[in-house]
Structure formats: C-alpha cells, structure tokens
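Take a look at the structure below.
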Amino acid sequence: AWKIRIMHTVIYHLFDVLSLICKPCRNGLWRYGSQRNDIQVKVINKRASGQAFEVILTPTSPDVKDFPMSPLRKKETSLDEIQKKLEAAEERRKSQQAEVLKNLAEKREHEKEVIQKAIEESCNFSKMAQENSTKRWRQTKRTALFFLCSQEKKLEEVRKNKESNKERDI
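Quick note on numbering: the sequence shown equals residues -19 to -1, 1 to 151 in mature numbering (1 follows the signal peptide of the UniProt record, and there is no 0).
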C-alpha cells in the first residue's frame, strides 16, 4: 500500500512537470519523452476550477530493474570517523562547560559587587543616622537647658517680687 502511495505522490509531482515539458498528440493525449511512450496524459474534461487528466502508465519491460523503494543505506562509518565525531563532541562539551563556568564567574562577581555596594550603603546610612541622632540629641539638650534657664529666671523674678512684697508689707 505504501508503494502505491509513493507512486501516486511521484505521479502527482511528475504531472506538474509534465504539463510544462510534454508534447500534445492527437486524440487529446500528451506524451512524455521523444522515443519512449512510458507515460501518457489524457485530458478528460475542462472544468471551471481547473482541468482533469488521466495518467496512463505503460507496463515496464522485463529487462528494466525495479525502482528501489527502500531508503538508501548509509555508508558504514569507520572507527576513525567515529573517533573524530567523539572528539568533536568532547570539544563542544568542553567549550559549553567553559562558557557556563565563565557565566557563573561573571554572575558571582556581579553578586559580590552588589553586596559590597549594599554594605557601603548600609554603613553610610548608619553614619548618617548616628549623626542625625547626635544632632537631635544636642538640639534637645540645648532646648531643655534654655527652658531650664528661662524657668530659673522666672523663679528668681518671682522670689524677688515676693521678697519685695514682704518688705513692703512689713
């Protein structure tokens, strides 16, 4: 069945070529080739969608060999060819492995740079936070001292006023 299917496929493709190279004969037949009449194409009728043809194949003569339908066998590979292929594969594997290691090294280097930058940022932030905290503490201390001094002055004035009122009352 598959031989027939292959034959139909071959004939279908031949038909495309035949329409270009065949010569028309009488009775609506087209013949392929100049001396041999192996293939004849007969126009059945013309349609709006295209044309219909009948392909007539003459039987092969007994002295002609059958067309081999089995796929061509590969030539046998020698031990040297196999060894060369193995060496080439090993080289490809080594180059791929070197590429992977190179990429990993670059990735690690980038990670180290990122970590170093993060550490520096953290140190800078800590220093800045420490300075801000110290600045706020000093400002708070100054404010508290100023408040305390102002309260002491008020207290001193209140005492003076109280003493002066006592002296007046006496």
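In this text, a Cβ means the ideal position worked out from N, Cα and C, and glycines have one as well. Every value quoted in this text rests on a predicted model; they were computed, and no experiment measured them.
Neighbourhood of residue i by C-beta, 7 Å cutoff - its chain only, sequence neighbours within 5 removed
| i | result |
| --- | --- |
| residue 159 | The requested residue 159 is not part of the displayed model; the chain covers only -19 to 151. |
Endpoints, the alpha helix (DSSP H) within which residue i is located
| i | result |
| --- | --- |
| residue 107 | 60 to 150 |
Residues near residue i by beta carbon distance below 6 Å, same chain, minus five either side
| i | result |
| --- | --- |
| residue 56 | none |
| residue 72 | none |
| residue 63 | none |
Local Cβ density within 10 Å of residue i, reported as buried at 16 or more and exposed below that
| i | result |
| --- | --- |
| residue 141 | exposed |
| residue 132 | exposed |
| residue 149 | exposed |
| residue 15 | A caution first: residue 15 carries a pLDDT of 44, below 50, which makes its placement in the model unreliable, though a value can still be read off. Its Cβ having fewer than 16 others within 10 Å, residue 15 is exposed. |
Beta-carbon contacts of residue i that lie in its chain and below 8 Å, excluding the five residues immediately before and after
| i | result |
| --- | --- |
| residue 143 | none |
Within-9 Å CB hit, residue i to chain C
| i | result |
| --- | --- |
| residue 151 | Among the protein chains of the structure shown there is no chain C, as only one such chain exists. |
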